[in-house]
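In UniProt numbering, the protein residues as written are 1 to 962.
The structure appears right after this line, and notes come after that.
Right, here's the structure in full:
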């Protein structure tokens with residue numbers, strides 16, 4: 001018997017997440033010509049793949065109940081003081097940055113800055129990041145940004161291989177110093193093997209330059225155990241032998257130490273985590289890669305450059321995009337798509353807030369306290385190794401003494417690092433204090449009283465470094481890093497930049513395949529809870545039981561949603577999920593003696609990361625045609641499967657298709673591949689159209705990655721963070737990623753694909769809360785409404801634009817494509833013109849020219865209310881009328897409202913106005929725009945100028961615009 005209404009919680013979440021009300025749904029169904037949601041989905045999703053039962057998930061709960069349950073889980077995490085180091089440090093996030101960036105939807109709900117005119121704030125913040133990294137590393141060209149230090153090192157290794165090949169050299173070895181972090185070495189080993197690279201590791205003295213087989217070598221500076229040494233001679237030797245040098249480094253240490261660029265390094269990598277970003281049990285954190293300008297065509301990831309707009313003003317944009325994976329496809333050297341933008345912004349603003357002097361003071365304090373600790377330990381009779389270090393010590397003592405020290409540390413809730421030889425590591429950080437130094441010395445002294453006063457240690461040390469290790473060059477001299485040091489100024493700067501960016505706080509962002517849906521406050525709150533934010537990824541397992549329970553529940557929920565046997569949460573981006581899934585397939589074939597299976601079939605409509613990922617795992621990409629309806633061409637697929645039956649490894653398939661259609665023959669597609677010995681990888685970018693209606697595992701997929709930053713509500717963050725876990729069928733479960741530092745995985749596991757065992761664990765609570773709040777019924781309804789919203793909009797727009805693809809019953813899935821190609825001939829208008837004009841209406845454009853050039857791909861998601869859908873449709877209909885004015889000759893083909901879009905406030909308020917349309921038509925084309933106007937910060941940007949004049953650091957002072 002159902003409970004009376006008054007017994008139901010009043011804070012149930014599905015009505016808050018799903019935009020249309022029940023009345024709206026009825027009205028929208030009528031427009032779409034459908035009697036019910038069930039009927040719409042029944043005719044849209046092929047009958048032979050439909051899930052005919054409810055998902056086996058808990059029912060929905062109220063927000064307070066869910067957060068209370070998560071508090072119980074979080075309480076099982078023990079927040080010890082972790083001095084483990086290994087590239088992860090406690091840090092102090094300035095409150096003005098935590099509240100106004102990390103916890104601010106105006107920053108975390110922005111989209112990747114492909115439409116630069118309405119992303120100037122974030123782009124400026126990323127230029128700050130690039131400037132910060134470039135200045136501190138002494139190398140001029142930085143990206144913004146990469147996923148973590150381990151994968152950044154792997155990207156650098158691939159760069160070294162590509163550069164060697166571009167020089168006509170076949171160098172297939174890469175040396176990794178034994179002084180590097182162990183997780184970095186492990187990630188490199190995973191990446192190297194399918195690329196045919198042999199990893200050599202050992203002491204730096206063991207490098208054999210004379211053999212001329214090394215494409216590159218990786219040094220850690222300072223080393224993983226803390227030592228700081230002069231490696232300039234080694235760099236010279238490497239260059240004389242034609243070997244590139246990669247240096248993994250620490251940005252805070254570089255405020256005191258000579259930069260890698262100054263001693264000749266070719267590439268520097270590392271993590272910016274300690275610049276105000278919590279550890280989060282491993283992530284998300286913004287990694288960096290910076291290099292010499294001569295390697296600008298090989299550098300992976302996104303580069304923000306400085307260009308000019310139509311009025312000649314300084315404007316920022318993404319530069320050199322033709323070298324990115326989505327353009328180069330299988331020829332790309334990287335599959336990186338998601339950057340860690342939100343975290344890069346935080347790290348950059350940490351540097352802005354503290355400035356060069358503030359950063360130097362933090363570093364000097366950390367270094368001084370470490371010197372005090374080392375002096376005290378020496379006085380107690382301990383061997384602390386070399387004299388030169390920054391923040392990390394390696395302490396050697398007899399095993400029985402070490403065991404007692406560890407017991408005492410555990411009693412004081414302090415984590416130390418244990419090296420393989422039994423020695424202890426201690427890494428101090430920004431949160432260290434004189435009191436902590438005393439506590440640590442007491443751990444080592446045991447029952448004995450300290451034979452000295454703590455403050456006496458400060459008088460006996462001499463901070464600083466001798467030449468050539470000491471930094472003498474300046475850094476962060478630009479006004480940006482020397483102006484906003486009071487909180488008032490910093491607050492205003494952050495809000496000024498935020499005001500230049502359109503986000504979900506302003507309007508819908510209807511991007512096909514990117515699923516810009518609600519990131520609810522209740523989902524975001526736990527991210528900054530100390531129990532989740534302040535755990536070290538290599539903390540002992542008994543301290544992380546809350547995380548382990550969350551992982552188990554989330555894995556079981558995702559397994560049920562997808563129909564798979566096992567889940568790995570380690571991949572920290574969709575691109576990494578693709579890579580991990582293909583690596584699991586590769587390992588399966590190799591485990592069954594089929595080393596020759598290396599052909600990957602990929603439809604021509606696939607995401608650009610798909611062929612790039614296949615190439616990275618050593619597969620040969622073979623394209624499969626699509627038919628006129630946008631479906632995989634079964635005839636071509638079968639022919640290719642037969643042709644390559646002895647080499648077939650996998651098919652990469654996006655479902656529903658990138659064309660926004662549930663392909664009716666998907667089971668047949670999977671059967672063809674399985675018949676010829678291959679496995680099916682499903683790209684889960686469109687999983688939000690499947691949840692509760694069908695499951696990849698039931699359809700026939702062997703592995704699928706899930707974009708938690710899309711379907712499961714982790715915010716896009718302006719281009720990241722993302723998480724891309726994979727689900728696999730039972731036969732692939734043994735091959736899921738492992739991790740040697742924590743012993744995660746099985747004997748058959750592929751190596752780690754991320755530096756931390758659970759990737760960006762710190763934001764997994766977001767998806768846990770979303771699933772718990774929605775419950776089985778809410779998740780299914782979300783999918784149904786996403787499909788309804790898309791079909792409603794398609795129905796409203798089909799009288800004005802051609803809908804490029806529909807399913808067998810004439811319906812679209814959760815997204816649809818408008819064909820704008822005919823307008824180029826009739827009016828000269830192209831898809832990008834419409835994208836820019838939408839800014840004047842207060843909207844971010846849909847996906848432009850993907851998967852078909854000259855089109856817009858629209859995805860409304862379930863979170864948008866009917867009123868917002870109508871507002872967007874009204875804008876598109878009005879733009880169609882503007883196009884017709886040009887086609888009919890009422891407006892010229894060049895100087896018109898679309899070609900001149902977007903229109904800034906400066907443009908429409910200028911004294912001179914020489915355009916054949918009114919200022920009102922330019923800026924306020926509909927009444928709703930006047931009521932809620934978003935002004936683009938700059939006019940249309942000159943893309944070509946920016947690539948011809950590449951500048952990717954803060955512009956000269958005379959062009960600085962506060």
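Beta carbons: idealized from backbone N, C-alpha and C, even for Gly.
query: Would a C-beta distance cut-off of 9 Å place residue 737 and residue 752 closer than the cut-off?; result: yes
query: Let me know if residue 5 comes out buried or exposed under the rule of 16 or more other beta-carbons within 10 Å of its beta-carbon.; result: exposed
query: What residues are listed by DSSP as bridge partners for residue 703?; result: 681, 728
query: Keeping to the same chain, check which residues put their C-beta closer than 7 Å to that of residue 3; ignore five residues upstream and five downstream.; result: none
query: Within the continuous beta strand (DSSP E) that includes residue 220, where are the two ends?; result: 214-221
query: Pull up the distance between the alpha-carbon of residue 773 and that of residue 13, whole angstroms please.; result: 6 Å
query: What is the DSSP secondary structure of residue 932, counted as helix, strand or coil?; result: coil
query: Taking the beta carbon of residue 317 as the centre, do at least 16 other beta carbons fall within 10 Å, making it buried, or is it exposed?; result: buried
query: Just how far apart, CA to CA, sit residue 315 and residue 502?; result: 16 Å
query: Going by beta carbon distance, what residues of the same chain come within less than 6 Å of residue 586, once the five residues before and after it are set aside?; result: 617
query: Leaving out five residues on either side along the sequence, give the residues of the same chain with a beta carbon under 8 Å from the beta carbon of residue 775.; result: 14, 57, 58, 59, 60, 61
query: Just to confirm the assignment: which complete alpha helix (DSSP H) runs, minimum length 4, are found wholly within the UniProt domain "Glycine dehydrogenase C-terminal" (782-903)?; result: 822-827, 831-840, 866-887
query: Should the region 142-150 be regarded as contacting the region 567-584, the criterion being three or more beta carbon pairs within less than 8 Å?; result: yes
query: How many angstroms separate the CA atom of residue 358 from the CA atom of residue 464?; result: 16 Å
query: Which residue comes first and which comes last in the beta strand (DSSP E) that contains residue 568?; result: 566-568
query: On the criterion of 16 or more Cβ atoms from any shown chain inside 10 Å, does residue 498 qualify as buried, or is it exposed?; result: buried
query: If you compare alpha carbons, which of 644, 40, 89, 516 is closest to residue 862?; result: 516
query: By the 10 Å Cβ neighbour count, where 16 or more other Cβ atoms means buried, how is residue 429 classified, buried or exposed?; result: buried
query: Note the first and the last residue of the continuous alpha helix (DSSP H) segment covering residue 434.; result: 434-445
query: In angstroms with no decimal places, state the Cα-to-Cα distance between residue 919 and residue 121.; result: 25 Å
query: Looking at residue 265: is its Cβ nearer than 9 Å to the Cβ of residue 137?; result: yes
query: Thinking C-beta only, is residue 566 closer than 9 Å to residue 549?; result: no
query: Beta carbon of residue 716, beta carbon of residue 111: below 9 Å?; result: yes
query: Taking a contact to mean a Cβ-Cβ separation below 9 Å, would you say residue 644 touches residue 601 in this structure?; result: yes
query: So residue 761 packs on residue 280, CB below 8 Å; how close in whole Å?; result: 6 Å
query: Output the residue ranges of the alpha helix (DSSP H) runs that lie fully inside the region 30-67 and measure 4 residues or longer, sorted by chain position.; result: 37-44
query: Compute the distance between the beta-carbons of residue 809 and residue 816, then report whether it is under 9 Å.; result: no
query: Following the continuous beta strand (DSSP E) through residue 270, name the residue where it begins and the one where it ends.; result: 267-271
query: Looking at C-beta atoms only, is the number of pairs between the region 98-113 and the region 795-804 that lie closer than 8 Å three or more?; result: no
query: Of the choices 868, 27, 535, 922, whose alpha-carbon is the least far from that of residue 90?; result: 535
query: According to DSSP, what are the bridge partners of residue 77?; result: 544
query: Out of curiosity, what's the CA-to-CA distance linking residue 493 and residue 242?; result: 46 Å
query: Which residue from 766, 789, 685 puts its Cα closest to that of residue 337?; result: 685
query: Taking residue 233 as the reference, give the member of 173, 262, 633 with the closest Cα.; result: 262
query: Three or more C-beta pairs closer than 8 Å, one from the region 890-905 and one from the region 853-867: is that the case here?; result: no
query: Any idea if residue 416 is buried or exposed, counting beta-carbon neighbours within 10 angstroms, 16 or more meaning buried?; result: buried
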